[in-house]
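Undergrad: Heads up: take any position in the sequence shown, counting from 1, add 960, and you land on the numbering used here.
Backbone N, C-alpha and C fix where the C-beta goes; we use that ideal spot for every residue, glycine too.
Computed from a predicted model, the values in this text were never measured in an experiment.
To start, I am sharing the structure in question, which I have written as structure tokens.
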Amino acid sequence: MTDLLRTLAELVSNRDFDEALDLCRSAIAQGLDDAFWSTQLAYVCFLNEHNITTYYSSPQMFQEVCHKYPRNIDACFWYGYALLIVSEQTLYGLEQLRRVIRLTPDHVYANIAIAGSTSSLSEKEARLEHALSIQPDNYRVMEDLSTVLAKTGGIDRAIGLLERISATPPFIETEYGIMNDYVNGPLTLARLKDAVRERARQKIAALRGQANGVG
């Protein structure tokens, strides 16, 4: 990790977002890797959810990077994700995320985000099964897939996935730089592991009762 990236990570960890924004802008002004630092700048805006103006500017910032660098998969994924989460534009967010999948079919988080937003149970299941094949210990994937399977009649497999959550350490994302902490919230649930395990235990009991005709 370069000194500049280390400083950025420390600023974000300390939630000093104004200084983090200034650092990214300075890196861009110095002519450093524009695609990379423009993406970092958008990340900081997205993470700064307590500053409404900055937070709500993040979809446009990701869009600008994605349009300028259409092969920048990170920026293009987060553009689609921000459309879903920040702008609540489900249709456009799904469209963008499906573009990412066409370029990079194994993008785990794009598959997860699509599964979480599409109304199609069959698509949810297909996206989550693919994500599970890549990150088999991702709690978000196992929990969401167990919910889908319970609805489609796969109760035994749903219980098996929930039991794995109880018995398996969660996948922890470490390769996303300043976005690691965020990703390990809603996209892997690693930061929420205790709550997820408790939910899993409760769901196992409910599903077993359902299978046995109880309740």
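What do you get for residue 1010, buried or exposed, if any count of 16 or more other CB atoms within 10 angstroms of its CB means buried?
TA: When all chains shown are included, residue 1010 counts as exposed.
Undergrad: Tell me the DSSP secondary structure of residue 1103 in three-state form.
TA: Of the three classes helix, strand and coil, the one that applies to residue 1103 here is helix, per DSSP.
Undergrad: Between residue 1012 and residue 998, which are expected to be in contact by the criterion C-beta below 8 Å, what is the C-beta distance as a whole number of angstroms?
TA: About 22 Å; that fails the 8 Å criterion.
Undergrad: With a cut-off of 8 Å, do at least 3 Cβ pairs link the segment 1124-1140 to the segment 1095-1102?
TA: Judged by Cβ distances under 8 Å, the segment 1124-1140 makes contact with the segment 1095-1102, as three or more pairs qualify.
Undergrad: Could you pull out every unbroken alpha helix (DSSP H) segment of at least 4 residues lying fully inside the segment 1025-1084, listed in chain order?
TA: You should have 1033-1045, 1050-1063 and 1068-1077.
Undergrad: Using a 10 Å radius around the Cβ and a threshold of 16 neighbouring Cβ atoms, would you call residue 1170 buried or exposed?
TA: With fewer than 16 Cβ atoms within 10 Å of its Cβ, residue 1170 is classed as exposed.
Undergrad: Along the alpha helix (DSSP H) that carries residue 1004, what are the first and last residues, could you check?
TA: Unbroken alpha helix (DSSP H) run through residue 1004: 994-1007.
Undergrad: With distances taken between CB atoms, is the gap from residue 968 to residue 981 smaller than 8 Å?
TA: Cβ atoms of residue 968 and residue 981: not closer than 8 Å.
Undergrad: I'd like the list of long-range same chain contacts for residue 1029, defined as Cβ closer than 6 Å, with 5 residues on each side in sequence excluded.
TA: Closer than 6 Å at the Cβ level, and outside the excluded window around residue 1029, lie 995.
Undergrad: Shortest alpha-carbon distance to residue 985 belongs to which of 1021, 1075 and 1093?
TA: Of 1021, 1075 and 1093, the residue nearest in Cα terms is 1021.
Undergrad: When we look at the beta-carbon of residue 1113 and count the other beta-carbons within 10 Å, is it buried (16 or more) or exposed?
TA: Residue 1113 is exposed by the Cβ-count criterion.
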